[in-house]
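Heads up: the structure comes next, in structure tokens.
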Amino acid sequence: MAGTLRSLGRASRLLRTNNPASLQQQRFAGDLPVHPNKYVEEWATKREHVEETFLFNRKNLQNVVIYALAVPALIYTVTVKEFHKTDKKYERPEREYL
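Just so you know, numbering that gives the first Met the number 0 puts 63 at position 64 of the sequence shown, and the rest follows in order with no gaps.
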């Protein structure tokens, strides 16, 4: 019992150090300095402020129409044709989609 109390007393003294170095952030990969890349920082800033710099023009409208309307419609059409082809192959009645 006395030995256990003695070892606990030593452990508590080690934990109560006044050394400021023991309170610093622990780095697992070493003390690697970080050098910010000017181009990466510029890109990140533009990305954060996209709502302030975005211009809605003809090119952007074309991209919206292509990727928001045409591509999903094309995928839907190809999928439905594949379903109809499979139904015909297995002699099932064609189903209506949408």
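C-beta atoms are modelled at their ideal positions from N, C-alpha and C, and glycine is treated no differently.
Item, Value
"Boundaries (first-last residue) of the alpha helix (DSSP H) holding R46", "K37 to E47"
"Cβ pair Y96, V70 closer than 8 Å", "no"
"Length of the line joining the Cα atoms of W42 and V64", "26 Å"
"V88 versus Y75 - alpha carbon distance", "In the sequence on display, residue 88 carries Lys and not Val. So the alpha carbons of these two residues sit roughly 20 Å apart."
"N82: first and last residue of the uninterrupted alpha helix (DSSP H) it sits in", "Reading the sequence as shown, one finds Phe at residue 82 and not Asn. From DSSP, the alpha helix (DSSP H) with F82 extends over V70 to K88."
"Distance between V49 and E81 (C-alpha atoms, nearest Å)", "40 Å"
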